[in-house]
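Chemist: When the letters of the sequence shown are read in order and numbered with my numbering, they come out as residues 8 to 204. One structure, pasted below without further comment.
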Amino acid sequence: MRICIINGSPNRNGNTAEVLKPFRQRLAELGADLDEIFLKDYDVAPCLGCYACQDVQGEYGCVQKDDAEEIWRRAGQADLLVLATPIYSWYCTAHMKALLDRHYASNKYYGTAEGQLIPKLSVALLTTHGYKADYANEPFETGIKRLCRHCHWDYLGLYSVRDIDGLTDMQTPEAIEGAERFAEELVEKMNVSRETL
Numbered sequence: 008m009r010i011c012i013i014n015g016s017p018n019r020n021g022n023t024a025e026v027l028k029p030f031r032q033r034l035a036e037l038g039a040d041l042d043e044i045f046l047k048d049y050d051v052a053p054c055l056g057c058y059a060c061q062d063v064q065g066e067y068g069c070v071q072k073d074d075a076e077e078i079w080r081r082a083g084q085a086d087l088l089v090l091a092t093p094i095y096s097w098y099c100t101a102h103m104k105a106l107l108d109r110h111y112a113s114n115k116y117y118g119t120a121e122g123q124l125i126p127k128l129s130v131a132l133l134t135t136h137g138y139k140a141d142y143a144n145e146p147f148e149t150g151i152k153r154l155c156r157h158c159h160w161d162y163l164g165l166y167s168v169r170d171i172d173g174l175t176d177m178q179t180p181e182a183i184e185g186a187e188r189f190a191e192e193l194v195e196k197m198n199v200s201r202e203t204l
């Protein structure tokens, strides 16, 4: 099982990275092939809204020649995409939002081209945040659920850890065990999905 984890945090060693440690370790123990992307290391400009990509059949077709196409190619090769991000102002980071907006080039609905470049994918979320979980996560999770519905992807769920006292909140036994359990649940859901194909 190939899993692509995209970390949208601007901090390489921040809360999101800390929660990802036990999550990633458990996935590896369960035999997953991991492809990890620390988004800040890549050049992903905001979408220009020019629609040029919508007239390019069978290819990404964006006029901006940065790393967005490569990242979406890697995500599309995975069975499961995990979007990991801190929640800032009730949504993902600017790095993650720019990448999500650039997914537009993968869906050909608004020009002469047709079809999807990533027709099948499962998606899960891992977040860190300051407010209570439901209040903090609801806008971003709703947005991702709608994206999945639009793309005919499977949304598999969310794991989040609240930051009250900083990095130590991400290192509690509850946070670590929760991340490990979430990894196990995702692998189980992916295996069930494969068995029913």
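Every residue, glycine too, gets a C-beta built ideally from N, C-alpha and C. Owing to the predicted nature of the structure, the values given are computational and were not obtained by experimental measurement.
Looking at C-beta atoms only, is the number of pairs between the segment 183-196 and the segment 153-160 that lie closer than 8 Å three or more?
Modeler: Contact fails: fewer than three Cβ-Cβ distances are below 8 Å.
Chemist: Determine, using beta carbons only, whether R132 and L154 come nearer to each other than 8 Å.
Modeler: Arg is not the amino acid found at residue 132; the sequence shown has Leu there. No, the Cβ-Cβ distance between L132 and L154 is not below 8 Å.
Chemist: Give the secondary structure of I13 by DSSP, where H, G and I count as helix, E and B as strand, and everything else as coil.
Modeler: Looking at I13 - three-state DSSP - the assignment turns out to be strand.
Chemist: Exposed or buried, L34, counting other C-beta atoms within 10 Å across all chains shown (16 or more means buried)?
Modeler: Result: buried.
Chemist: Rounding to the nearest angstrom, what Cα-Cα distance links I5 and G150 in this structure?
Modeler: This structure does not reach residue 5, given that the chain is present from 8 up to 204, and the question cannot be answered.
Chemist: Rounding to the nearest angstrom, what Cα-Cα distance links D40 and S96 in this structure?
Modeler: Their Cα atoms are separated by approximately 33 Å.
Chemist: Distance check for C11 and E43, CA to CA, integer angstroms please.
Modeler: Using only the alpha carbons, I get a separation of about 6 Å.
Chemist: Go through its chain and collect everything with a Cβ distance to Y58's Cβ below 8 Å, but skip five positions before and after it.
Modeler: Once the five neighbours on either side are set aside, the close Cβ partners of Y58 are Y117, G118.
Chemist: Between the Cα of A112 and those of S129, A75, M103, spot the shortest distance and give me the residue it belongs to.
Modeler: Checked all of S129, A75, M103; the closest Cα to A112 is A75.
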